[in-house]
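Order-wise, the sequence lines are chains S and U.
For the first sequence, this note's numbering assigns the number 503 to the last residue and increments by one with no breaks.
For the second sequence, this note's numbering assigns the number 100 to the last residue and increments by one with no breaks.
Input: a single structure, listed below in structure tokens.
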Amino acid sequence: MDKSSLIVTPGLTPFLGYSLMIGIGVIFLVLANLIKNALVRNTHDFIIANRRIGLGFGVGTVISVWTWAMAVMMSSAMTFKWGLSGLAWFVVPNGFAIMAMIPLARILRRRMPEGYTISDFAYRRFGRSNVAAGVVTLTMIFGVILEILINLKGTSVVMSTVFSIDWKVATVVTIVTVLAYSYFGGLWTSVMTGTINTWTITVPAAIVVVAVFSLIPGGAHAVVGKVAAANPAYLSMTNPDAAFGFGITLAFGLLASVVADQTFWQKVWAIRANQVTRTFMWAGALFYPIPICLGMLGLIGIAYRLTPADIGGDIVAVGPYIVSHIGLPFVLIIAYVLVILAACYSTIDGASSGLSSIVAIDIVKRFAPGTSERTLFYITKVSMFVGGLIAVAIVLSGADFTSLVLTTYTLKTSILVPLILAIVWPRTNTIGFIGGVVLSILIGMPLHQIYGELVGTLSILGISGATVVIAAVLRPARFDMGNLTAQAEQSAVDIQIPDATGV
Amino acid sequence: MTPAFITISIFGFLATVLFVAGYFRGATSALTDRQQSHSQTTIERENKARYAVPVVFAVAASAVVIALVGLNPIFVYLGPLLAIVTNAMIGFAFFYDRES
């Protein structure tokens with residue numbers, strides 16, 4: 001296994017790359033138009049799918065929005081860097097994060113059957129506090145924009161690695177393509193196209209990975225033998241370096257990425273009530289094989305003794321590099337690119353759909369409740385474009401978006417414990433909730449920058465949780481969770497979205 | 001073409017058939033549902049299924065599948081095979097939905 005034998009497959013032209021990117025979009029655009037005509041009559045359908053999503057589409061869409069383009073490549077990259085320990089620390093918390101939603105989703109779906117957004121829950125849970133709701137809304141918006149830009153970045157890495165496309169052009173083409181079809185059917189489009197994308201993320205991915213091993217003389221045995229020869233620790237799951245290097249912080253980050261993300265809460269309220277538990281259970285469990293499958297490419301990177309310099313400096317490119325250089329048939333290379341594009345498109349349209357629900361419910365309906373259905377419908381749609389444009393502008397500016405990543409990460413981590421406590425612990429009060437978030441940011445963020453991710457993350461979690469508990473002790477009050485149910489009727493009046501067929 | 005590649009391709013094809021069949025059933029159900037409900041939302045009862053044990057099992061199983069790769073190289077192919085199972089299960093979910 002000599003890395004000099006890895007030569008880029010000829011024929012991977014930029015034209016082919018653009019054709020793939022736009023071709024998928026055109027197909028989804030046709031599908032979206034059909035969905036719009038058949039299933040979307042008003043804003044209620046657009047943002048919550050009339051609460052009629054079943055188990056199949058539910059599982060498909062949750063897996064598709066959780067499978068980020070970057071995650072597809074990161075599973076290979078973490079294996080490449082840390083061996084099986086890296087893969088385990090990347091994979092295990094990923095699926096668990098989805099399943100961790102179950103108890104929270106059950107409570108809120110029971111208490112707020114007519115809910116739309118997690119910010120709206122905060123608004124009602126904390127005595128119609130605009131500050132509490134604002135903190136949550138801001139976190140959700142930051143999260144959505146980050147999701148979009150990270151996936152844009154991931155896709156541009158793949159398209160530039162495989163097809164030598166200018167990454168800036170790839171970024172623009174991607175966002176235009178996704179938003180063009182997302183514009184039509186809203187959540188229903190996101191759910192139905194996302195479910196198709198799960199096929200792409202699973203079957204072609206499995207075939208490509210097995211094909212790659214089939215091309216290597218000696219197959220899996222030779223690869224694993226070379227990995228063991230490079231360093232036996234690569235084949236162990238007990239390497240503590242992976243845990244402390246990224247695993248523990250990633251685990252909390254992933255948990256925050258689900259619990260503090262409207263993309264998933266939108267699904268909680270859009271899926272039929274009797275399928276919510278099962279959907280998140282199945283989605284979490286069935287997600288696991290995807291990164292495990294793609295992570296095997298990282299072992300090949302180790303076996304070939306590749307270095308970051310060999311693959312362009314960024315280890316996330318190890319998967320695309322191997323697939324495009326090992327001599328796979330043309331069609332399988334295209335299949336791999338489709339895996340990445342599917343992951344990217346489904347996450348961006350899911351995030352855009354989540355953003356549309358935030359704008360409709362937490363901004364327009366709250367601050368301008370008299371907005372007409374027609375106006376609301378258009379504002380909701382335009383908000384998806386605005387979110388996409390902001391993300392593209394950040395990516396194209398070439399700015400180091402580390403600060404945005406850090407801010408969003410800190411916001412999501414700081415809100416994680418207070419939000420969970422607000423759902424499960426009736427003694428959580430407004431001061432504790434807001435104070436927990438604010439204090440953990442003010443103290444935790446500098447600690448994060450000075451002492452690194454592990455200390456920073458644990459500090460933010462500890463401070464936010466402790467503040468909520470201390471506030472509950474100092475100002476004891478018990479929130480009657482039944483009030484949420486009582487407010488549901490009021491909620492239905494507040495967020496009255498009448499049928500507007502023909503809008 | 002190696003036996004592993006042929007096997008995974010066959011399983012992939014079978015899973016795809018189930019997925020496509022399920023997808024069409026799901027899409028048809030959604031359309032029928034929409035026509036029947038016509039903007040009326042039917043509130044169904046919450047599913048009371050227990051989930052703690054399956055969650056623990058799923059988490060442990062994922063770790064075991066990864067660990068097995070270090071024990072025997074043949075398990076490199078288990079991940080791709082399970083990815084195919086994921087697709088098949090999504091197809092199955094469309095049928096299971098109405099039965100539950």
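We put the CB at the ideal spot given by N, CA and C, even for glycine.
- [ ] State yes or no: is the C-beta of alanine 83 of chain U within less than 8 Å of the C-beta of valine 92 of chain S?
- [x] Counting from 1 along the second sequence, the entry for residue 83 of chain U is found at position 83. Counting from 1 along the first sequence, the entry for residue 92 of chain S is found at position 92. No. Outside cutoff.
Task: With 16 other Cβ atoms within 10 Å as the buried cut-off, status of aspartate 261 of chain S - done: In the first sequence, residue 261 of chain S corresponds to position 261, counting from 1. By the neighbour-count rule (16 or more Cβ atoms within 10 Å), aspartate 261 of chain S is buried.
- [ ] Under the assumption that isoleucine 290 of chain S contacts threonine 202 of chain S (Cβ atoms under 8 Å), give the Cβ distance between them as a whole number of angstroms.
- [x] The residue you call residue 290 of chain S lines up with position 290 of the first sequence. The residue you call residue 202 of chain S lines up with position 202 of the first sequence. Yes, isoleucine 290 of chain S and threonine 202 of chain S are in contact; Cβ-Cβ is about 6 Å, under 8 Å.
TODO: Residues of the segment 271-288 of chain S with a CB closer than 8 Å to any CB of chain U: list them in chain order, please.
DONE: If the cut-off is 8 Å between Cβ atoms, the segment 271-288 of chain S has Arg272, Ala273, Asn274, Gln275, Val276, Thr277, Arg278, Met281, Trp282, Gly284, Ala285, Leu286, Phe287, Tyr288 near chain U.
Open item on the list: If we require 4 or more residues per run, which alpha helix (DSSP H) segments fall completely within the segment 53-83 of chain S?
Closed with: 55-66, 69-82
Task: Within the segment 107-170 of chain S, ranges of the alpha helix (DSSP H) (whole runs, at least 4 residues) - done: 118-125, 130-163
- [ ] Ignore the nearest five residues each way along the sequence and tell me which others in phenylalanine 479 of chain S's own chain have a CB closer than 6 Å to its CB.
- [x] In the first sequence, residue 479 of chain S corresponds to position 479, counting from 1. The residues are Pro426.
Open item on the list: Let me confirm a value: leucine 389 of chain S is counted as buried when at least 16 other C-beta atoms fall within 10 Å, else exposed. Which label applies?
Closed with: In the first sequence, counting from the first residue as 1, residue 389 of chain S sits at position 389. So leucine 389 of chain S ends up on the exposed side.
Task: Chain-ordered neighbours of isoleucine 8 of chain U on chain S, where CB pairs are closer than 8 Å - done: Locating residue 8 of chain U in the second sequence gives position 8, where the first residue counts as 1. Under the 8 Å cutoff, chain S gives Ala206, Ile207, Val210.
Open item on the list: Using beta carbons (cut-off 8 Å, strictly below), is leucine 101 of chain U in contact with chain S?
Closed with: Residue numbering for chain U in the displayed model covers 1 to 100; residue 101 of chain U lies beyond these limits and cannot be assessed.
- [ ] Please state whether DSSP places isoleucine 271 of chain S in a helix, a strand or coil.
- [x] Here residue 271 of chain S refers to the residue found at position 271 when the first sequence is read from its first residue. In this structure, DSSP gives isoleucine 271 of chain S an extended state, which the three-state scheme calls strand.
Open item on the list: Can you tell me whether glutamine 487 of chain S is buried or exposed? The criterion is at least 16 other CB atoms within 10 Å of its CB, across all chains shown.
Closed with: For the purposes of this step, residue 487 of chain S is taken as residue 487 along the first sequence, with counting starting at 1. Label assigned to glutamine 487 of chain S: buried.
Open item on the list: I want to see whether chain S comes within less than 8 Å of serine 39 of chain U, judged by CB atoms only; does it?
Closed with: For this step, residue 39 of chain U is matched to residue 39 along the second sequence. With a pLDDT of only 49 at serine 39 of chain U, under the threshold of 50, the placement of this residue in the model should not be trusted; the figure read from the coordinates follows. So, interface residue.
Task: 8 Å Cβ cutoff, threonine 86 of chain U in contact with chain S - done: In the second sequence, counting from the first residue as 1, residue 86 of chain U sits at position 86. Closer than 8 Å: yes.
Open item on the list: Can you tell me where the alpha helix (DSSP H) holding serine 440 of chain S begins and where it ends?
Closed with: Residue numbering aside, residue 440 of chain S sits at position 440 when the first sequence is read from its first letter. Looking at the DSSP string, the run of the alpha helix (DSSP H) that includes serine 440 of chain S is 430-451.
Open item on the list: Please state whether the Cβ-Cβ distance between arginine 52 of chain S and arginine 272 of chain S is less than 8 Å.
Closed with: Residue 52 of chain S sits at position 52 when you count from the first residue of the first sequence. Residue 272 of chain S sits at position 272 when you count from the first residue of the first sequence. In this structure, arginine 52 of chain S places its C-beta atom within 8 Å of the C-beta atom of arginine 272 of chain S.
Task: Nearest neighbour of lysine 36 of chain S, chosen from S:Phe15, S:Ser190, S:Phe126 [CA to CA] - done: Your numbering for residue 36 of chain S matches position 36 in the first sequence. When only C-alpha atoms are compared, the closest one is S:Ser190.
Task: Closer than 8 Å to chain S by CB, threonine 2 of chain U - done: Stepping through the second sequence from its first residue, residue 2 of chain U is reached at position 2. Yes - at least one Cβ of chain S is within 8 Å of the one on threonine 2 of chain U.
- [ ] Let me know the secondary structure DSSP gives alanine 477 of chain S once reduced to three states.
- [x] Numbered from 1 along the first sequence, position 477 holds the residue referred to as residue 477 of chain S. Here alanine 477 of chain S sits in coil by DSSP.
Task: DSSP state of asparagine 94 of chain S mapped onto helix, strand, coil - done: Along the first sequence, read from residue 1 onward, the residue named residue 94 of chain S stands at position 94. In this structure, asparagine 94 of chain S counts as helix in the three-state DSSP scheme.
TODO: Answer yes or no: does any C-beta atom of chain U fall closer than 8 Å to that of valine 424 of chain S?
DONE: By one-based count along the first sequence, residue 424 of chain S stands at place 424. No, valine 424 of chain S lies away from the interface with chain U (no Cβ there is under 8 Å from its Cβ).
Open item on the list: Just to confirm my understanding: we take serine 39 of chain U, look at its own chain, exclude 5 residues before and 5 after, and list those with CB closer than 7 Å. What are they?
Closed with: By 1-based counting over the second sequence, the position of residue 39 of chain U is 39. For serine 39 of chain U, the predicted structure reports a pLDDT of 49, less than 50, and the residue's modelled location is therefore unreliable. A value from the coordinates is still provided. Leaving aside the five residues that flank serine 39 of chain U on each side, none in its chain has a CB nearer than 7 Å to its CB.
- [ ] Would you check if the distance between the CB atom of tyrosine 77 of chain U and the CB atom of alanine 368 of chain S is smaller than 8 Å?
- [x] Against the second sequence, residue 77 of chain U aligns to sequence position 77. Against the first sequence, residue 368 of chain S aligns to sequence position 368. Cβ atoms of tyrosine 77 of chain U and alanine 368 of chain S: not closer than 8 Å.
TODO: Take aspartate 45 of chain S as the anchor and find which of S:Trp269, S:Ala285, S:Leu306, S:Gly435 has the nearest alpha-carbon.
DONE: In the first sequence, counting from the first residue as 1, residue 45 of chain S sits at position 45. Closest option to aspartate 45 of chain S, Cα to Cα, is S:Trp269.
Task: chain S within 8 Å of alanine 21 of chain U, Cβ atoms only - done: Indexing the second sequence from 1 puts residue 21 of chain U at position 21. No - not a single Cβ of chain S is within 8 Å of the one on alanine 21 of chain U.
- [ ] Could you check if proline 10 of chain S is buried or exposed, using at least 16 other CB atoms within 10 Å of its CB as the buried criterion?
- [x] In the first sequence, residue 10 of chain S corresponds to position 10, counting from 1. Exposed, since its Cβ has fewer than 16 Cβ neighbours within 10 Å.
Open item on the list: At a CB distance below 7 Å, what residues from the segment 337-357 of chain S approach chain U? Give them in sequence order.
Closed with: none
Task: Secondary structure of aspartate 556 of chain S, DSSP reduced to three states - done: Examination of residue 556 of chain S is not possible in this model, given that chain S is present from 1 through 503 alone.
Task: Cβ-based neighbour list, phenylalanine 13 of chain U, same chain, cut-off 6 Å, excluding 5 preceding and 5 following - done: As a position in the second sequence, residue 13 of chain U is number 13, starting the count at 1. None.
Open item on the list: Let me make sure I understand the geometry here. Which of U:Ile74, U:Val20, U:Ala30, U:Thr86 has the alpha-carbon closest to that of valine 62 of chain S?
Closed with: Counting from 1 along the first sequence, the entry for residue 62 of chain S is found at position 62. Considering only alpha carbons, the answer is U:Thr86.
- [ ] Please state whether DSSP places valine 8 of chain S in a helix, a strand or coil.
- [x] Stepping through the first sequence from its first residue, residue 8 of chain S is reached at position 8. Valine 8 of chain S falls in the coil class under three-state DSSP.
TODO: Please decide whether glycine 60 of chain S counts as near chain U, where near means a Cβ-Cβ distance under 8 Å.
DONE: By one-based count along the first sequence, residue 60 of chain S stands at place 60. Cβ-Cβ to chain U under 8 Å: yes for glycine 60 of chain S.
- [ ] Please work out which residues of its chain come closer than 7 Å, Cβ to Cβ, to threonine 249 of chain S, disregarding the five sequence neighbours upstream and downstream, and give them in chain order.
- [x] For this step, residue 249 of chain S is matched to residue 249 along the first sequence. Cβ neighbours of threonine 249 of chain S within its own chain (closer than 7 Å, five residues either side excluded): Glu453, Leu454, Thr457.
Open item on the list: Can you check which of these residues, S:Ile443, S:Asn274, S:Phe121, S:Leu179, is closest to threonine 485 of chain S by C-alpha distance?
Closed with: Residue 485 of chain S sits at position 485 when you count from the first residue of the first sequence. It is S:Phe121 whose Cα lies nearest to the Cα of threonine 485 of chain S.
Task: Distance between isoleucine 118 of chain S and proline 329 of chain S (C-alpha atoms, nearest Å) - done: In the first sequence, the residue the question calls residue 329 of chain S occupies position 329. In the first sequence, the residue the question calls residue 118 of chain S occupies position 118. If you take the alpha carbons of proline 329 of chain S and isoleucine 118 of chain S, they lie about 47 Å apart.
- [ ] Please determine if the segment 422-440 of chain S and the segment 465-475 of chain S are in contact, where contact requires at least 3 C-beta pairs separated by less than 8 Å.
- [x] yes
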